[in-house]
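Comments concern the structure below.
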Amino acid sequence: DGGITQSPKYLFRKEGQNVTLSCEQNLNHDAMYWYRQDPGQGLRLIYYSQIVNDFQKGDIAEGYSVSREKKESFPLTVTSAQKNPTAFYLCASQGGQGGDTQYFGPGTRLTVL
Amino acid sequence: GQNIDQPTEMTATEGAIVQINCTYQTSGFNGLFWYQQHAGEAPTFLSYNVLDGLEEKGRFSSFLSRSKGYSYLLLKELQMKDSASYLCAVTNNFNKFYFGSGTKLNVKP
Chain A
57 DGGITQSPKY
67 LFRKEGQNVT
77 LSCEQNLNHD
87 AMYWYRQDPG
97 QGLRLIYYSQ
107 IVNDFQKGDI
117 AEGYSVSREK
127 KESFPLTVTS
137 AQKNPTAFYL
147 CASQGGQGGD
157 TQYFGPGTRL
167 TVL
Chain B
5 GQNIDQPTEM
15 TATEGAIVQI
25 NCTYQTSGFN
35 GLFWYQQHAG
45 EAPTFLSYNV
55 LDGLEEKGRF
65 SSFLSRSKGY
75 SYLLLKELQM
85 KDSASYLCAV
95 TNNFNKFYFG
105 SGTKLNVKP
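These protein sequences, in sequence, are chains A and B. Per our numbering, residue 57 is the first one in the first sequence, and the count goes up by one each step. Per our numbering, residue 5 is the first one in the second sequence, and the count goes up by one each step.
See the structure below:
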C-alpha cells in the first residue's frame, strides 16, 4: 500500500539530548514537509524540501535540522538547542504540483522529561 | 506575510448544517485546502478550491471568494463522527502551505 509513515509514534527524551524522527513515503512524491502542532493550535512549518538534496527553512526552524538524501526519506532531528520541543510532529508529502494535496503521516508525539 | 483566521470553536446539533469560515491574506495565492483532524490523529484532506465558487462533495461543500480572501466549509446532515478540528490552509506559488489554527467542532446529540 502507498503511504507515508512516521516512527516512533511516541518518543520520550531527556533534556539536552538530540533525537531524530523518521519519515518515509512510497508515494513517489517530490515534496516533503515537517510541521509542529501544539495543543489547540494549527500546524507550523519547520522545514520543507521540494527535491532531493535541497531543503528550506520554514517559520520555526531554530533548534531543528533535516536532510533529504533520498526521495523517500526526510528525517527531522530535534536538537538540544530547541527550547520547548514537547509537541506533536507531523510529516507530510505532496506531489509537487499546484493543487496537489498534502498527505500526512500518523505523527510522532515527543515528550521531553 | 500570511494571515489566516478561523473561529476557535463551534457547537452544532446532530442532523443540522454548520458553516465554518476562513479569511486569509496572502501573496501569490495558489489555492485553499480544508482538512479534518480528529484529536491525536493526522489531518485528512476534505476539499480544494482555486477558482471562485462552490465545490460540493457529498455532505461537505467548500466555497471560495478570492477577491474577498474568504472561504467557508459547509457540513450538512451533521453526524457525531464529524466532531473534529477543521483546518483551513492556503498555498502559494512556491508550494508552501500556511495553516490556520483550526476550528474545533463539537456535535451534540
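Quick reminder that beta carbons are idealized off the backbone N, C-alpha and C, glycines included. Just so we're clear, the structure is a prediction, and the values are computed from it rather than from any experiment.
Name, in chain order, the residues that DSSP records as bridge partners for residue i.
i: alanine 87/A; result: Gln150/A
i: phenylalanine 68/A; result: Thr167/A
i: isoleucine 60/A; result: Gln81/A
i: leucine 50/B; result: In the DSSP output, where bridge partners are listed per residue, leucine 50/B has none listed.
i: threonine 27/B; result: Asp9/B, Tyr74/B
i: phenylalanine 101/B; result: Thr95/B
i: glutamine 41/B; result: Ser89/B
i: asparagine 74/A; result: DSSP, once it has assigned bridges, lists no residue as partnering asparagine 74/A.
i: alanine 16/B; result: Val111/B
For residue i, collect the residues of the same chain with a Cβ closer than 6 Å to its Cβ; drop the 5 residues on either side in sequence, then sort them by chain order.
i: threonine 30/B; result: Gln6, Val94
i: glutamine 23/B; result: Tyr76, Leu78
i: tyrosine 28/B; result: Ile8, Gly73, Val94
i: asparagine 96/B; result: Gly32, Asn34
i: asparagine 53/B; result: Leu36, Glu59, Ser66, Leu68
i: valine 248/A; result: Examination of residue 248/A is not possible in this model, given that chain A is present from 57 through 169 alone.
i: glycine 155/A; result: none
i: glycine 151/A; result: His85
i: isoleucine 21/B; result: Lys80
i: glutamine 10/B; result: Cys26, Cys92, Gly104, Thr107
i: phenylalanine 101/B; result: Ala93, Thr95
Between residue i and residue j, which are expected to be in contact by the criterion C-beta below 8 Å, what is the C-beta distance as a whole number of angstroms?
i: threonine 12/B; j: lysine 108/B; result: 7 Å
i: phenylalanine 160/A; j: isoleucine 60/A; result: 7 Å
i: tryptophan 90/A; j: valine 122/A; result: 7 Å
i: glutamine 97/A; j: serine 65/B; result: Not confirmed; about 26 Å, so no contact.
i: alanine 87/A; j: serine 149/A; result: 6 Å
i: leucine 77/A; j: threonine 164/A; result: 5 Å
i: asparagine 99/B; j: glutamine 106/A; result: 6 Å
i: phenylalanine 49/B; j: leucine 99/A; result: Not quite, the Cβ-Cβ distance comes to about 14 Å (not below 8 Å), so this is no contact.
Roughly how many angstroms lie between the CA atoms of residue i and residue j, to the nearest whole one?
i: threonine 157/A; j: tyrosine 39/B; result: 10 Å
i: glycine 32/B; j: glutamine 41/B; result: 26 Å
i: leucine 68/B; j: tyrosine 90/B; result: 16 Å
i: glutamine 62/A; j: leucine 132/A; result: 11 Å
i: phenylalanine 111/A; j: tyrosine 103/A; result: 7 Å
i: arginine 92/A; j: lysine 80/B; result: 31 Å
i: tyrosine 120/A; j: aspartate 94/A; result: 16 Å
i: methionine 14/B; j: leucine 82/B; result: 13 Å
i: asparagine 25/B; j: cysteine 147/A; result: 26 Å
i: serine 51/B; j: arginine 63/B; result: 12 Å
Leaving aside the five residues before and after residue i along the sequence, list all residues of the same chain whose C-beta is less than 8 Å from its C-beta, in chain order.
i: glutamate 118/A; result: Ala137, Gln138
i: leucine 169/A; result: Phe68, Arg69, Lys70, Glu71
i: asparagine 74/A; result: Thr133, Val134, Thr135, Ser136
i: proline 47/B; result: Tyr39, Gln40, Gln41, Leu91
i: methionine 84/B; result: Glu18, Val111, Pro113
i: threonine 167/A; result: Tyr66, Leu67, Phe68, Arg69, Thr142
Do residue i and the ligand GTP come close, with the Cβ less than 7 Å from some heavy atom?
i: leucine 146/A; result: Here there are no bound small molecules, and the ligand GTP is not part of this structure.
Quick one: what's got a C-beta closer than 7 Å to residue i's C-beta in the same chain, skipping five residues either side?
i: glycine 114/A; result: Leu101, Ile102, Tyr103, Tyr104
i: arginine 70/B; result: Phe33, Asp56
i: leucine 58/B; result: Ser65, Phe67
i: proline 162/A; result: Gln62, Lys65
i: serine 87/B; result: Leu109, Asn110, Val111
i: alanine 43/B; result: none
- Task: For the segment 92-161 of chain A, list the beta strand (DSSP E) runs that are entirely contained and at least 3 residues long, ordered along the chain.
- Result: Taking only runs of at least 3 residues, the beta strand (DSSP E) segments lying wholly in the segment 92-161 of chain A are 99-107, 110-113, 120-122, 132-134, 143-150, 158-160.
- Query: Can you list, in chain order, the stretches of the beta strand (DSSP E) that have 3 or more residues and sit fully within the segment 55-86 of chain B?
  - Reply: If we require 3 residues or more, the beta strand (DSSP E) runs fully inside the segment 55-86 of chain B come out as 57-61, 64-69, 74-79.
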